[in-house]
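Under the numbering used here, the first residue of the sequence shown is numbered -5, with each subsequent residue one higher. What follows is a short report on a single structure.
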Amino acid sequence: MFKKILIANRGEIAVRIIRACKNLRIKTVAVYSEVDKNSLHTELADEKICIGPANPRESYLDMNKIVSAALITKADAIHPGFGFLSESSNFVELCKKDNIRFIGPDSEVIDSMGNKSKARNTMIEANVAVVPGSKEPIYKSEVGKIIADEMGYPVIVKASSGGGGKGMRIVEDERDFHKLFSLAQTESMNAFNDDTMYVEKYIKNPKHIEVQILGDSYGNIIHLGERDCSIQRNHQKMIEESPSPVIDEMTREKLGQEAIKAAKAVNYENAGTIEFLMDKDFNFYFIEMNTRIQVEHPVTEMVTGIDLIKEQIKIAAGEKISLNQKDIKVKGHSIECRINAENPANNFLPCPGEITYLHLPGGNGVRIDTAIYSGYKLPMNYDSMIGKIIVHGVDRKEAIEKMKTALDELVIGGIETNANFQYSLMNNLTYLSGKANTGFIEELLS
Ligand code: MV4
């Protein structure tokens, strides 16, 4: 097992990883930027090392600085968390060169899934259901249009390097194809320096369902059920839950096997997520694979009782997964609400500032993952997510009641947050029905 792990991240996920390391009696190194000098992760870690200015490019995204920090502190592994360097194959290679274990999959796997068009092809070869669409990467609008015309409209044009909605355009009418393809391609070029595109049939108002998987270095792969992440705004998830309120035990097993098939196609090792779209007739289609731990991992932990970060560390250290698929039971229901420093009354504008007062909720089945404390000044340089409330109940109804109680009890003084907006969603009839799809928030706000 590792003796010391460097956490190449900040905020609540850095704190979450430090706690898992402590549980495993592994020493921890925090890295921080100048504006994060007073951040909680630096306090909780055994050692801390400043890696530069607030701008992520000069600190949390600077691979050389992070590897240097690991070498100086003699850390034998790096946990990247999510965002930042978590899906950088170059970073994985750099770690390898210096004999530092990257806690995550190998660089080739990251690359093959990071290119969405390539990932689609891999899944088609492996007989995983994907959205009908192009097989080869597309560079010319004329080529894309032939495929779109044949499929019929609406279609969606996507950037191979895309993510978070960037480089994506829905085309309803064939006359708009060239214009929208070109817009998406230009956006992709600017954001990712890549003009590789692909085309899919557009599925209207799908549910976003993802399956958590774990794979070890001995070829064992298990799934830990699904998360329903349909409640999102501008491609940012707001609420996630497990299990999905619309998936029964039989469908869960089928979907889980589909996810395992997808993971096996790339010999997946460590924690990963297979993303599916579900249409109104309950058909599932693979869209992407995320080769990292995700923000919403706690809802899976709550219903399965498995600590995913500890599993990631053990797998990276060369241990076999100690669980069999038949040991994995989804028990009760878990919901996560993301708490953001933002103002819902002003188009969800980020609102960093000083937290003048803080009361966090608690109680049976209430978990708070956060790095904020009373007196903490939120820097403006990073994501507006400041924490997550995760609840676990015997069923969805009880989980919702616990979430309402927790949101009501939460007091964050000095800054605006989306907590009241989240509370209102817990009373929304569409949300309560469990049938809300990815178009729900946009419709609600329109
Ligand atoms: C889709 C889709 C419908 N059909 N693909 C959004 C982010 C990225 N991970 C994939 N996304 C989608 N892919 C097909 N074939 C719908 C979404 C989607 C979406 C698209 C446009 C505007 C808002 C959206 C919100 C959620 C999901």
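Virtual Cβ for every residue (Gly too), placed ideally from N, Cα, C. Computed from a predicted model, the values in this text were never measured in an experiment.
Buried versus exposed, by CB contacts within 10 Å (16 or more), residue i
i    : result
N334 : buried
S316 : exposed
A339 : exposed
Y425 : buried
S176 : exposed
Y54  : buried
R163 : buried
Y279 : buried
S79  : It should be noted that the sequence gives Leu, not Ser, for residue 79. By the neighbour-count rule (16 or more Cβ atoms within 10 Å), L79 is buried.
Y212 : exposed
I140 : exposed
T294 : buried
N3   : buried
S364 : Checking the sequence shown, residue 364 turns out to be Thr, not Ser. Buried is the call here.
G312 : exposed
F276 : exposed
K248 : exposed
R169 : exposed
R51  : exposed
S440 : exposed
D100 : buried
D92  : exposed
V446 : In this structure the chain extends from -5 to 440, so residue 446 is not present and cannot be described.
L343 : exposed
Y367 : exposed
E235 : buried
K152 : buried
S418 : exposed
K320 : exposed
G146 : exposed
Beta bridge counterpart(s) of residue i as assigned by DSSP
i     : result
R221  : E204
F280  : V124, F270
H296  : As written in the sequence, residue 296 is Met, which differs from the His given in the question. In DSSP, M296 forms no bridge with anything.
P344  : E336
E234  : E330
H452  : Given that the chain is displayed from residue -5 to residue 440, the structure contains no residue 452 and the question cannot be resolved.
R44   : The amino acid occupying residue 44 in the given sequence is Cys; Arg does not appear at that position. Partner(s): Y26.
T285  : Answer is none; T285 lacks a bridge partner.
K152  : M162, Y192
H353  : V405
V360  : V385
K(-2) : K21
G209  : I215, N264
M57   : In DSSP, M57 forms no bridge with anything.
K371  : E348
Q226  : K231
M145  : The partner list for M145 (beta bridge, DSSP) is empty, contrary to what the question assumes.
Cβ separation of residue i and residue j, assumed to be a contact under 8 Å, to the nearest whole Å
i     : j     : result
G209  : N264  : 7 Å
P346  : D273  : Incorrect: roughly 39 Å between the Cβ atoms, too far for contact.
E290  : I281  : Contact doesn't hold; Cβ gap of about 16 Å is too wide.
T285  : V103  : 6 Å
K231  : R332  : 7 Å
T116  : A259  : 6 Å
V25   : I60   : 6 Å
V125  : A256  : Not a contact, Cβ separation roughly 14 Å.
E410  : N337  : 4 Å
R95   : A310  : 5 Å
G161  : H229  : With 8 Å as the limit, G161 and H229 do not qualify as a contact, their Cβ atoms being about 12 Å apart.
S154  : K110  : 5 Å
I383  : Y370  : With 8 Å as the limit, I383 and Y370 do not qualify as a contact, their Cβ atoms being about 18 Å apart.
R10   : I303  : 6 Å
Y192  : G127  : 6 Å
G46   : P74   : In fact, because the Cβ distance is near 17 Å, the residues do not count as touching under 8 Å.
F(-4) : I307  : 7 Å
H35   : I(-1) : Not quite, the Cβ-Cβ distance comes to about 13 Å (not below 8 Å), so this is no contact.
I233  : E330  : 7 Å
G408  : E6    : Wrong, their Cβ atoms sit about 18 Å apart, outside the cutoff.
Complete runs of the beta strand (DSSP E) confined to the segment 67 to 121 [at least 3 residues] = Listed in chain order, they are 71 to 73.
The segment 317 to 327 in contact with the segment 386 to 406 per 3-pair CB rule at 8 Å = Here the segment 317 to 327 makes contact with the segment 386 to 406; the two share three or more CB pairs at distances below 8 Å.
Can we say the segment 369 to 386 touches the segment 424 to 435, given the rule of at least three CB pairs closer than 8 Å?
-> Proximity of the segment 369 to 386 to the segment 424 to 435 falls short of the contact definition, fewer than three beta-carbon pairs being nearer than 8 Å.
Any chance you could list the alpha helix (DSSP H) runs of at least 4 consecutive residues sitting entirely within the segment 297 to 327, in chain order?
-> Runs of the alpha helix (DSSP H) inside the segment 297 to 327: 302 to 310.
Kindly provide the ranges of any beta strand (DSSP E) runs that are 3 or more residues long and lie completely inside the segment 158 to 205, ordered along the chain.
-> Given a length threshold of 3 residues, each whole run of the beta strand (DSSP E) inside the segment 158 to 205 is given here in chain order: 160 to 165, 191 to 195.
Any chance the segment 235 to 243 sits against the segment 354 to 363, with 3 or more Cβ pairs inside 8 Å?
-> With the cut-off at 8 Å, the segment 235 to 243 and the segment 354 to 363 do not touch.
At what residue ranges does the segment 385 to 422 contain a whole run of the beta strand (DSSP E), taking only runs of 3 or more?
-> Entirely contained in the segment 385 to 422, the beta strand (DSSP E) runs reaching 3 residues are, in chain order, 405 to 407.
Validate contact between the segment 10 to 30 and the segment 62 to 76 using beta carbons, cut 8 Å, 3 pairs = Between the segment 10 to 30 and the segment 62 to 76 there are three or more C-beta pairs closer than 8 Å, enough to call the two in contact.
Report yes or no: do the segment 404 to 415 and the segment 166 to 181 share at least 3 C-beta pairs separated by less than 8 Å?
-> No, because fewer than three Cβ pairs between the segment 404 to 415 and the segment 166 to 181 fall closer than 8 Å, the two stretches do not touch.
Contact between the segment 213 to 233 and the segment 130 to 140: three or more CB pairs below 8 Å?
-> No: the two stretches stay apart, fewer than three of their Cβ pairs being nearer than 8 Å.
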